[in-house]
Amino acid sequence: MPVKINIKEGTTPYSVTTARRVPSPLQSKVEKELDGMKDSDITEEVTELSLTDWVSPMVSVPKANGEVRICVDLRKLNQAILREKYMIPTFDDIIHELRGSTIFSKLDTLSGFLQIPLDPETAKLTTFITPMVASS
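The numbering of the sequence shown is my numbering, which starts it at 76 and goes up by one.
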């Protein structure tokens, strides 16, 4: 089920028109990572920025292992999100629900957030600009 993000009524969309610089030593690594994200269907190229009112800047961060992490500065979008309100179960509630259970699973959620499908309108909200290409 695709995730739908709702925006607070009356919010002014945020759109940058210039990408943040990528340091020269990271340029090829960033291009490779962006290509990999596109090839894995995590992102898709946006050819018309006029199709969305929201465009955020990409930030590249070097990892300790020499690779690069692609981040998007979504602070303005985060401020505009209409938060859903729901009760979070307490630890005691969870333990009570698990009483009598004998089989458990352990999941590795490394990059799990990249596997959450977004509905088409929400995907437009997450559009980001790079020195090479715009993506969502």
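Glycine included, each C-beta is placed from N, C-alpha and C at the ideal position.
Arginine 144 sits in a strand when the DSSP states are folded into three classes.
By the Cβ neighbour-count rule, lysine 181 is exposed, with fewer than 16 other Cβ atoms within 10 Å of its own. If you draw a straight line from the Cα of valine 143 to the Cα of isoleucine 80, it comes to about 28 Å. The residue from Arg96, Arg150, Val97 with its alpha-carbon nearest to that of threonine 201 is Arg150. Annotated three-state conformation of phenylalanine 203 is strand, per DSSP.
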